[in-house]
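Mapping to UniProt numbering: the sequence shown position 975 is 975, numbers consecutive. Here a beta-carbon is modelled for each residue, glycine too, at the ideal position from N, C-alpha and C. A short write-up of the structure that comes next.
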Amino acid sequence: MYLKSLDIHGFKSFADKTRLEFHEGVTGIVGPNGCGKSNVVDAIRWVLGETSAKALRGGEMADVIFSGTEKRKPLGMAEVTLTMADCEESLGVDFNEVAITRRVFRDGRSEYRLNGTQCRLRDINELFMDTGIGRTAYSIMEQGKIDMLLSSKPEDRRAVFEEAAGITKFKKQKRETLRKLEYTEANLLRITDIIAEVKRQMNSLQRQAAKARRYRALLEDVRVLDTHLSFKQFTELSVQKHDLTRSIDSLQDEFAELETTLTSRELELEVLREQMVEVEARVSENRAQLNERHNRIDSARSRISYNLERCRELADHIARNEADVAATASKIDQQKEDLAQAEEAVLSIQSRIEEQRELVAEAERHVAEFRDQRGELASQLATHRAACNQAESRTVTLQAQIENIRSQAESDRARAEAMQTELRTLRESESERRGEAEQLDVRLAELTETATQQNAELAEAEQRQRTAQSDLTASRNQSQQLHRELTAADSRLNVLRKLAQNGEGLERGTQAVITGLDDPDFFKNGVRGVLGSFLQVGNEDVRAIEAVLGPRLQTILVADSTLAHRIVEVLREKKLGQAAILAEDVVQPAGENASPELPAGAVAWAHERIQANAKVLPVFAALLRDVLIVPDLDTAWKLRPNHPQLTFTTIEGELLTPEGIVHGGVDSDDGGSSVLARQNEIRELEAQTASLSKAHDEAVASEEELTAEIEQLNDQLAQLREAVQTTRVERSTLEGQRSLVSREVEQIANRIENLERDADAISQRDTQSLNDIEAMEEELAAARITMDDAMGLIDGLEQQLGDFSERENQAADELSERRTALAVEERSLQALEEQRTPMAARLAELNEITTRRNQESDGYRAKISEAEQQNRNLEQIIEDATAGIELLESELEADNEERQRQQNLVREHEATLQQARKRLSAISDQRGREEVKSTQVELRLENIINTCQERHGVDLAEFEQDLPALKASIDQSKKRLKRGGASQPEDDAFSTEADTETTEASSAPSFADTDIDWQFVETTVGEMRRRLESMGPVNLDAIHEFEEAEERYNFLDQQQNDLVRAKSELQDIIEHINQETRKRFSETFEIVRNNFQSMFKELFGERGQANLIMMDDEDPLESGIEVIAKPPGKKLQSITLLSGGERSMTAVALLFSIYMVKPSPFCVLDELDAPLDESNIGRFLKVLDRFIDQSQFIIVTHSKRTMGRADVMYGVTMEEFGVSKPVGMRLTHEEKKPIDETKDESELTAAEKAALRLDA
């Protein structure tokens, strides 16, 4: 597996999308300072999951997004994609290439992608785990990383060795297993508590279930007896209701039949009235058509006269045109004769032309004047003719409307008289019905007031019941919530106590002492506990106090010095680890020591912020003497010169000793191992569980009080509902009667209103008719006058139009003659002047005149023909209209007779309808009385059905008798009464009137063949109900709840066993992981140490000495690693005292020592050679050559020798200020094996393809 390419877009100074391709060997990245070389390394670290903005030289993660320049705007996203090739075997995936992409946006959103699919950072970390690739792995080395590797705590150097040993996955699995173990233990504690609670509930439910079984047996007997008794009553009432329903249906059918008949008669009456209106409309229409035909005849005759006059005028025009044609022919002959004398007559022709032009102009003026006058007269004539026709049409229409209105008025007067008679009868009936309604309203008002009062009482009781029920639900929810919170707090408290008892988080030796070493019965009696358990510190001071006391908090307090000596011997002999022991008999009593004055800027003296048991208080006073709590490390440095003897501790847990040593930083799992924080949490949980337990007991007591109150309210509600039901039945009966009377009053009122409205409409229509007739007669007289005036004006205008037309024709003829003469003269003059074919032109002009006159004559003849045809059509119209007049007059007479017959039929139907309405009212009264009685029976039935449904869930309509069960229940009840000394009635229920009526009136199931004492049944049901009520509250669900509780108990017991097994399995897994990781780490450490010693000598010479020392050989899984280096000629000293070059060479030696064990697929070295001189660079390159075949190397450098070793070189420049741009080139070495470019592309490796692209 190797690094194939790196795609950068918008990351730091790489604004444009940039692709860097890598191949096997060494890739160098060079460029001046500040051009963006290290940004390439940062991009690789960032895409591998770096989450610290500070490690990327930024303040926040958004700082890695290109922030813009003077010429470019900032980008909104940074994206880096790292592509690995040949990954199948190394990563265990099915893909040859794996592409990792990371994006971050300015709004804070970020995402990771694996081969284009969105994923989590955890997925990427797990993919590259134990491969040497990662943000903190040894595959990326830079100057800062070298310092961190060499200067960090021995415990922090473990990460690199663990990655090389391949135990990172094991440690992750161990952490997950430990979390599961803690979760399993918490579940085990919780399920133990739950089992105890379920067991307690089962004992209570068992007693309730026994009572519920007794209650259910008694309730079953009540159900059998009550359902059969209710069914008997239901059958009797059903028969009675059936008879009433049959009677009501009969009345309803008769009522519906009469109503249908009445409706049909009313419809027939309405049809007759509509027919009468249609007849009247036909009369009016026939009259209008008759008048219209007369108008058409008069109009056609007038048009014929006009057409004849027009034909005569056109004939005169034709005659004049023919005369013109003849005259033109003679002129043509004359022109031929005058042609020979043209030369002599030129002067004479010119003078005549001038004269003719003046005459033509004068004639044109005359023709124009006559044409304008004739057009004005024609327009006036058309206007007057239209007005005349309109007045004539309006006259005919008005005559027809007047006749129609007079006929309608006569019909309306006869109808109004009949309406007045009917109105008097209806008003008398309305007065009687309203009196009945007032009496019913008084009674209904009384019942309404009673019902309102009862409903208010019922609503108030229901509200109290709902409030109590709501309070009960809230109380139960509160109780359950408190129980859940109490269980959770108690479970957490038990877990913490268990962890404290087992010494979780303490050193191995301390844990062994806490658990009793090899003799728990002997040692545990004398072991008081760790010092931290006797100390109380506020949460805000926990870190400060723990920074000072540190491991001393794990010191174990024992009874005496002898026991302390024995414990140390056992630890040494059994090799169980180390532990700090304090005997009670060596603790000196505390003295009276006053606290010195608090320096300015400090928070407090450390011993003032603690509380401890009196037995160990002197110990803590001594440990915390001269310890000052300050806000931060800066304050400590400021106070130290004036108080050099003090130890300073900060709120965040940083420590500054009098020697100037600073302790700081935060472990990833620091919160879980804090002894003081755990003790504080235990104390807080103890107080919380006590408070929750008290609140839970109060909530349970409140729940019991509310349950008793609800039972009392339910009894009160039953009594109120029964009273409301009785009032409702009586009110429903009266409302039915009132509704019936109201409907009758409403029907009468509607009829009166309709008649009055019709009478008013007839009166208004009569008045309106008289006004309309008067107005129409006035309009008719005016229209006739207008028509006569228009006829007179039309005659005068027609005569004037004829005179002007004749004058216009004469002027036109004169103009034509003068134009012709002028044209002849002009043409003669032109012919004489030009001497060119004058005769032909003149002859053509004369022929044109002849043609024009002939065309005009043809047009006149066509108009004459059209007028003659129009006259023939008009004569046919007159003939048709004359023939239709006789037919219309006969139809008009027949329609008048039909109208009179229709009026007689309408009067007969109205009398019949009045009799039918009286019969309909009588039937309605009888049906109302029977409906009231049926409602009463139905309410009783409904009450029986609802009661049976509510009590027993039985539908009486579908109930099937079970006589054996009934008799068995009766016998059982009699035996029970005999045992109790009670007497039983011997009356026979069949003597009641209701049973007799049922037997006689119905074919329903009879009880006559059964020997059943129904009076005893009724008495027994009441007695048994009282017994049920005396039993008090019964939880019928207790039987089912007990079975469920028992089932749940068995299930929880099984779960508890499973958790115990799971806990054992998890402990086995942890032990196996510890053994495997300890073995792998130890083996890898020995190999790396040997490699480091030889590699150090290779880089520094044979006299150089180096070593790796494990701080705690007994616990390699947690032991720190110390690096020892002694360059030639120097004493063995701390790594921190080495020079920059020596530190870099030491780091190179350590890095390549690890590479000899487990090489990373690629290695990024960021200016690792910067502190090296030329000779050391040579040694570095020599060592580098040994690993080129195993890994890729990407080196950021300024050294020319290192550049010369690169196979591919990328130069990073800033052609544009603030924007980095790479330029790549391939450096060919003779000793390198050239790539066979003749191979097929499919046969090349990914590295060879990248190299060929660079060569290109």
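Of 26, 40, 122 and 1107, the smallest CA-CA separation from residue 15 is found for 40. Taking residue 366 as the centre and dropping the five residues before and after it, the same chain places the C-beta of 811 closer than 7 Å to its C-beta, in chain order. Residue 228 sits in a helix when the DSSP states are folded into three classes. Taking a cut-off of 8 Å for Cβ pairs, the segment 951-966 and the segment 222-238 touch, as three or more such pairs fall below it. For residue 543, same chain residues with a beta-carbon under 7 Å away, outside a window of 5 residues either side, are 651, 652 and 653 in chain order.
Around the beta carbon of residue 1060, a 10 Å sphere encloses fewer than 16 other beta carbons of the protein chains shown; the residue is thus reported as exposed.
Apart from the 5 residues on each side of it in sequence, residue 102 sits with its Cβ closer than 6 Å to the Cβ of 47, 80 and 112 in its chain, given in chain order.
The beta carbon of residue 370 lies closer than 7 Å to those of 804, 807, 808 and 811 in the same chain, with the five residues before and after it left out. In the three-state scheme derived from DSSP, where H, G and I count as helix and E and B as strand, residue 35 is classed as coil. DSSP, read as helix, strand or coil, puts residue 632 in coil. Around the Cβ of residue 12, a 10 Å sphere holds 16 or more other Cβ atoms; the residue is buried. Between residue 676 and residue 553, the CB-CB gap stays under 8 Å. Put simply, of 520, 7, 34 and 210 the residue whose alpha carbon is nearest the alpha carbon of residue 21 is 7.
Going by C-alpha positions, residue 100 is about 10 Å away from residue 49. DSSP, read as helix, strand or coil, puts residue 82 in strand. Residue 428 and residue 292 have their C-alpha atoms spaced approximately 53 Å apart.
A Cβ-Cβ separation of about 14 Å leaves residue 602 out of contact with residue 624 under the 8 Å criterion. In this structure, residue 3 sits away from residue 1096, with a CB-CB distance that is not shorter than 8 Å. Leaving aside the five residues that flank residue 187 on each side, the residues in its chain whose CB is nearer than 7 Å to its CB run, in chain order, 1059. Assigned with DSSP and collapsed to three states, residue 105 falls in strand. Using a Cβ distance threshold of 8 Å, residue 77 and residue 98 do not count as a contacting pair.
Excluding its 5 nearest sequence neighbours in each direction, residue 401 has C-beta neighbours in its own chain below 8 Å: 284, 772 and 776, listed in chain order. Residue 484 and residue 1067 have their C-alpha atoms some 29 Å from each other. Residues of the same chain with their beta carbon placed closer than 6 Å to that of residue 306 are lacking, with the five preceding and five following residues left out of the count.
Cβ atoms of residue 324 and residue 853 come within 8 Å of each other, at about 5 Å.
Under the three-state reduction of DSSP output, residue 140 falls in the strand class. Shown here for residue 68: same chain residues with a beta carbon closer than 6 Å to its own, the five before and five after excluded, namely 74 in chain order. When the beta-carbon positions are compared, residue 377 and residue 869 stay at least 8 Å from each other. DSSP places residue 509 in no beta strand (DSSP E) but in the uninterrupted alpha helix (DSSP H) bounded by 508-514. In the DSSP assignment, residue 1211 falls within the unbroken beta strand (DSSP E) covering 1208-1216. Under the 10 Å beta carbon count, residue 548 is surrounded by 16 or more other beta carbons and is classified as buried. For the set 467, 317 and 289, the Cα lying nearest the Cα of residue 393 is the one of 289. In the three-state reduction of the DSSP assignment, residue 1166 falls in the strand class, which pools E and B. Taking all protein chains shown into account, residue 1079 has fewer than 16 neighbouring C-beta atoms within 10 Å of its C-beta and is therefore exposed.
With contacts defined by Cβ atoms closer than 8 Å, residue 1148 and residue 1194 do not form a contacting pair.
The beta carbons of residue 174 and residue 162 sit no closer together than 8 Å.
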